[in-house]
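445 is the number of the first residue of the first sequence in our numbering; add one for each residue after it.
No residue lacks a Cβ here, since even glycine has one placed at the ideal position from N, Cα and C.
In what follows, a structure is listed as structure tokens, so that the remarks can point back to it.
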Amino acid sequence: MIDIKFIRENPDLVRASQKGRGEDPIIVDQVLAADTARRDAIVEFEALRAQQNLLSKSVGAAKGNERLALLEEGKVLSAQVKAADARRSEAEKRMHQFALLLSNVLDPEAPIGGEADFLLLEHVGTPRDFVAEGFEPKDHVELGKLLGAIDTERGAKVSGARFFYLTGVGALLEFALVNYAISSAVKAGLIPVIPPVLVNPPAMEGTGFLGQAAEDIYRLEKDDCYLVGTSEVPLAAFHMDEILDAEKLPLRYAGYSTCFRREAGAYGKDTRGIIRVHQFDKVEMFTFCRPENAGVEHQRILQWEKDFLNAMEIPFRVIDVASGDLGASAARKFDCEAWIPTQGTYREVTSTSNCTEFQARRLNIRMRDGKNTSHVATLNGTAVAVPRMIVAILENHQNADGTVNVPKALQPFLSMTRFELV
RNA sequence: GGUGGCGUGUCUGAGCGGCCAAAAGAGCACGCCUCGAAAGCGUGUGUUGGGGAAACUCAACCGUGGGUUCAAAUCCCACCGCCACCGCCA
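Here it is as structure tokens:
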């Protein structure tokens with residue numbers, strides 16, 4: 445949610461931001477109109493209420509006929525107050541609903557445009573030249589079978605399309621990736637967290653996923669709760685309705701959880717393998733910090749993501765995601781894309797977003813700084829999304845015979861240097 | 001799932017129809033005292049929203065949502081959460 449005062453004072457900026465995202469700028473005017481109506485309703489209600497309070501006080505002191513007259517007057521006033529209160533809460537609800545439709549204001553640095561208009565920031569590492577090495581690289585599905593690591597057929601049999609089993613070294617590889625990610629995070633001072641993956645509506649809405657992203661979320665109607673698509677949700681909501689001590693900021697967490705995604709609208713996209721699946725595990729980094737430090741924190745998280753990919757010895761590039769491709773909560777987002785040899789292209793493996801105060805305002809998370817309270821900024825970033833990292837590792841580190849070399853950083857966690865054929 | 005108890009400010013905890021934003025204590029901040037500290041004394045110390053240039057002022061908030069009443073932290077109903085015991089399961 446955007447600060448209503450900010451919208452009042454900078455309507456053009458917010459309109460421009462909406463346009464940049466390819467979203468409707470008219471919402472800004474609807475919010476402003478609803479805000480004016482809301483304030484009028486408040487004034488009306490409060491004047492009546494003050495009058496009623498005054499009258500009610502005089503009733504206690506009054507006696508006899510005077511008292512009876514006051515009671516009559518009170519009844520009339522009471523009805524008026526009730527009506528005005530109903531109008532007020534209706535106006536507030538309306539204004540709130542409109543405000544929820546607005547996405548976060550774009551960072552002025554964020555490139556404007558659609559998915560293809562990202563800004564390429566850097567390339568790290570060089571893709572292997574399989575032609576020079578004299579063999580055709582196998583894709584992760586084939587490698588996964590040869591190594592006894594990935595079983596998508598049984599995943600489909602038991603759960604449906606886009607489900608999979610990790611078996612043998614595949615399962616071990618997940619544990620190694622998670623252990624490496626968590627131990628790196630702890631070394632960097634993050635607090636490791638295993639959050640709930642089933643959350644209630646306020647947590648989901650506050651994090652900003654019930655807008656355009658709602659279609660992609662599993663909902664358990666019977667119990668009125670949602671399966672999270674990322675541990676960003678329970679981590680953000682961890683401090684919901686709290687006032688944090690500004691001295692203790694930044695607060696940094698690393699959450700390990702399963703993620704559930706319906707992948708609605710992704711029909712026909714990445715149907716092979718485990719690039720796009722309904723259920724996977726991920727280690728997510730999350731920061732609560734002072735708004736003025738959010739930009740620096742964003743760079744810090746990006747650096748941790750790069751460190752991870754470098755440790756996995758994977759060639760990758762970093763992009764500054766374009767405005768039209770940002771989530772509703774993000775003011776700016778950087779993606780790290782790993783080189784996938786059999787696709788001949790870079791694919792997103794990690795991503796970090798600066799949500800400024802947008803989520804904190806929805807989730808009511810503030811900091812106390814001396815006498816003042818104000819909203820904190822929130823940021824999130826992927827430490828490791830397991831399936832995509834497995835794809836990148838298998839494909840980039842494969843040998844001609846289908847065996848796969850284990851990156852040095854993972855060897856201590858796996859007690860092996862190579863994945864052998866089964 | 002059943003029964004009983006409880007949900008009040010940063011915390012503990014009183015209040016159980018109007019005089020209650022809410023006692024008291026703790027904590028915190030400032031001041032006095034002191035060479036300095038502790039103790040002691042004094043003062044202050046919630047959030048949100050409206051109006052106002054400001055001083056300030058008005059309103060709302062005692063788990064959440066309804067209701068009764070001129071008036072609700074206080075009475076009634078529903079829901080949520082916590083605790084205890086029982087049952088069930090691991």
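- Under the DSSP definition of a beta bridge, THR847 lacks any partner.
- Within the same chain, PRO455, VAL458, ARG459 come within 6 Å of VAL472 by CB-CB distance, once the 5 residues on both sides are set aside.
- One thing to note: ALA782 has its Cβ within 7 Å of the Cβ of ILE758.
- Sorting ASP813, ARG806, GLU749, PRO646 by C-alpha distance to the C-alpha of THR826 places GLU749 at the top.
- About 5 Å separates the CB atoms of SER767 and ILE556; that is less than 8 Å, so the two are in contact.
- Listed in chain order, the beta strand (DSSP E) runs fully inside the segment 610-647 are 635-637, counting runs of at least 3 residues.
- Residue burial annotation: VAL643 is buried, with at least 16 other C-beta atoms found within 10 angstroms of its C-beta.
- Beta-bridge pairing by DSSP links ASP813 to ASN816.
- With three or more CB-CB distances shorter than 8 Å, the segment 723-735 counts as touching the segment 826-836.
- Three or more beta-carbon pairs drawn from the segment 627-635 and the segment 691-708 are found closer than 8 Å, and the two stretches are therefore classed as touching.
- Excluding sequence positions up to five before and after ARG806, its CB lies within less than 6 Å of the CB of MET445, GLY650, all in the same chain and listed in chain order.
- Runs of the beta strand (DSSP E) lying entirely within the segment 755-794 and spanning at least 3 residues, in chain order: 760-764, 776-784.
- Check the Cα spacing between GLN803 and each of LYS601, LEU679, ILE661: the tightest is with LEU679.
- In this structure, DSSP gives VAL672 a state outside helix and strand, which the three-state scheme calls coil.
- Cα atoms of ILE784 and VAL575: separation of roughly 15 Å, rounded to the nearest angstrom.
- Counting the other Cβ atoms within 10 Å of the Cβ of ALA523 gives fewer than 16, which makes it exposed.
- Using a Cβ distance threshold of 7 Å, ILE594 and PHE608 count as a contacting pair.
- Residue pairing by DSSP puts GLU728 in a beta bridge opposite GLY699, THR826.
- For ILE687, the uninterrupted beta strand (DSSP E) segment begins and ends at 686-689.
- In this structure, the straight-line span from the alpha carbon of ARG483 to that of LYS692 is close to 36 Å.
- By the C-beta criterion, the segment 767-776 is judged to be in contact with the segment 550-566, since at least 3 inter-stretch pairs fall below 8 Å.
- Taking one beta carbon from each stretch, the segment 786-800 and the segment 597-608 have fewer than 3 pairs nearer than 8 Å; the two do not touch.
- PRO645 and LEU514 have their C-alpha atoms spaced approximately 46 Å apart.
- Taking a C-beta distance under 7 Å as the contact criterion, CYS780 and LEU753 qualify as a contact pair.
- Counting along the chain, the unbroken beta strand (DSSP E) around LEU565 starts and ends at 563-568.
- In terms of Cα proximity to VAL622, the closest of ASP689, LEU858, VAL866, GLY652 is LEU858.
- Only residues of its own chain outside the window of five on either side were considered, and among them none has a CB closer than 7 Å to the CB of GLN541.
- Per DSSP, the unbroken beta strand (DSSP E) holding ARG663 starts and ends at 662-664.
- Burial is judged here by how many other beta carbons sit within 10 angstroms of a residue's own beta carbon; ILE718 has at least 16 and is buried.
- Taking all protein chains in view, the Cβ of ASP769 is crowded by 16 or more other Cβ atoms within 10 Å, so the residue is classified as buried.
- Looking at the DSSP output, ARG862 shares a beta bridge with ASN849.
- Boundaries for GLY466: no alpha helix (DSSP H) harbours it, and the DSSP string shows neither H nor E there.
- Burial of GLN462 is indicated by the presence of at least 16 other C-beta atoms within 10 angstroms of its C-beta.
- Residue environment: GLU839 is assigned as buried (16 or more neighbouring CB atoms within 10 Å of its CB, all protein chains considered).
- For SER797, the pairing in a beta bridge is given by DSSP as LYS777, ASN824.
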